[in-house]
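Q: My numbering runs 57 ahead of the 1-based position in the sequence shown.
Note that beta-carbon positions come from the ideal geometry of N, C-alpha and C, so glycine has one too.
Just so you know, these numbers come straight off a predicted model, no measurement behind them.
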Amino acid sequence: MFEDADTDAERLTFNFSSTFKNNKFKPKITGLNDYRPVALTSVVMKSFERLVLAYLKNITGPLLDPLQFAYRANSSAFNTIIPTLLQTKLTQLSVPSSICQWITSFLTDRHQLVKLEKFKSNSRTTSTGAPQGCVLSPLLFSLYTNDCTSTDPSIKLLKFADDTTVIGLIQDGDESAYRQEIEQLAAWCSRNNLELNTLKRVEMIVDFRRNTPALPPLTIMNSTVPTVAAFRFLGTTISQDLKTTLSIST
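Below you can see the structure in the form of structure tokens.
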């Protein structure tokens, strides 16, 4: 990693290998949503967060939804957390009130500003969301969405970070349970300050019968969901025929 190190009582100099100097990582900016605030808390704070993180995992681990498979280190969905709602959810997960109150205090009355080179904006106070870049934020979001589950055994609600997929088994042409689950998901999002992304909502129907009947379109919040023949799911392309051709080619 280092080419040489020159030290004495007054000076400490490291010369990095040219390999490290030439590596530049620049995020691709496509819109304003790509500019997300990242909280750089102190080392002491991060250490304390790790202690609380281990404690929370020990308490809530057995109660977590098994269909919540992962979370991202940074997600814009973190900004939607309502601390008072989170505190209620944590209480229901048997988290001690002292820890609940500490987390609520941690998430509320946070001061933030924007700095661009030598320019600084005015400081503003926010009491919504969990800071991106903090140790606790990914787990807090998972706990916040933990009660977003299916109530029907024929419906599976898969959560990967802030992406949600609903899988329904429809028998004898009865879609009532599937459509009701979609309505309940939309209602849950409204109650919990989360918004379904209209640009990512798609429906794919897998039906191997020779004569496939036409099904009425699915609507969410008065918006029709487009039907597709294939879609990307966690890096894999899934098609209606469930073959791997598209996934391999892409």
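Let me confirm a value: Q189 is counted as buried when at least 16 other C-beta atoms fall within 10 Å, else exposed. Which label applies?
A: Here the question's residue 189 lines up with position 132 in the sequence shown. Q189 is buried by the Cβ-count criterion.
Q: Per DSSP, what are the beta-bridge partners of S280 in this structure?
A: Walking along the sequence shown from the start, residue 280 turns up at place 223. Looking at the DSSP assignment, S280 forms a beta bridge with I277.
Q: Could you tell me the alpha carbon to alpha carbon distance between D209 and L200, rounded to whole angstroms?
A: Counted from its first residue, the sequence shown places residue 209 at position 152. Counted from its first residue, the sequence shown places residue 200 at position 143. Spanning the two alpha carbons is a distance of roughly 21 Å.
Q: How many angstroms separate the CA atom of S178 from the CA atom of A243?
A: Counting from one through the sequence shown, the residue named residue 178 turns up at place 121. Counting from one through the sequence shown, the residue named residue 243 turns up at place 186. Their backbone Cα atoms lie some 36 Å apart in a straight line.
Q: Going by beta carbon distance, what residues of the same chain come within less than 8 Å of T141, once the five residues before and after it are set aside?
A: In the sequence shown, the residue the question calls residue 141 occupies position 84. Same-chain partners within the cutoff: T161.
Q: Identify whether V101 lies in helix, strand or coil by the three-state DSSP scheme.
A: Position 44 of the sequence shown holds residue 101. Three-state result, V101: helix.
Q: Which residue comes first and which comes last in the alpha helix (DSSP H) that contains F198?
A: Indexing the sequence shown from 1 puts residue 198 at position 141. Where F198 is concerned, the enclosing alpha helix (DSSP H) stretches over S194 to Y201.
Q: Could you check the C-alpha separation between S99 and W245 for me, to the nearest Å?
A: As a first step, residue 99 must be located in the sequence shown, where it is residue number 42. As a first step, residue 245 must be located in the sequence shown, where it is residue number 188. The straight-line gap from Cα to Cα measures roughly 35 Å.
Q: So does the stretch 264-273 actually touch the stretch 286-294, counting three or more Cβ pairs closer than 8 Å?
A: These segments do not touch.
Q: Name, in chain order, the residues that DSSP records as bridge partners for G225.
A: Locating residue 225 in the sequence shown gives position 168, where the first residue counts as 1. DSSP, once it has assigned bridges, lists I212 as partnering G225.
Q: For the putative contact between K216 and F126, defined by C-beta atoms under 8 Å, what is the C-beta separation to the nearest angstrom?
A: As a working mapping, residue 216 is identified with position 159 in the sequence shown. As a working mapping, residue 126 is identified with position 69 in the sequence shown. Confirmed, about 7 Å.
Q: Quick one: give me the first and last residue of the beta strand (DSSP E) that R236 is part of.
A: Counting from one through the sequence shown, the residue named residue 236 turns up at place 179. It is not in any beta strand (DSSP E) - R236 instead sits in the alpha helix (DSSP H) that spans S233 to R248.
Q: Below 8 Å, can you find three or more Cβ-Cβ pairs linking the stretch 276-285 to the stretch 249-265?
A: At 8 Å Cβ cutoff, the stretches touch.
Q: Report the residue from Y235, Q228, F105 and I239 whose alpha carbon sits nearest the alpha carbon of D264.
A: Position 207 of the sequence shown, counted from the start, is the residue given in the question as residue 264. Closest by alpha carbon: Q228.
Q: Using three-state DSSP, classify L173 as helix, strand or coil.
A: Translated into the one-based positions of the sequence shown, residue 173 becomes position 116. It is a strand residue.
Q: From S151 to A234, what does the alpha carbon distance come to, in whole angstroms?
A: Reading the sequence shown from its first residue, position 94 is the one you call residue 151. Reading the sequence shown from its first residue, position 177 is the one you call residue 234. Between S151 and A234, the C-alpha separation is close to 31 Å.
Q: For P84, name the three-state secondary structure that DSSP assigns.
A: Counting from 1 along the sequence shown, the entry for residue 84 is found at position 27. Note that P84 scores 49 on pLDDT, short of 50, meaning its location in the model is unreliable; the coordinates nonetheless yield the value given after this. Coil.
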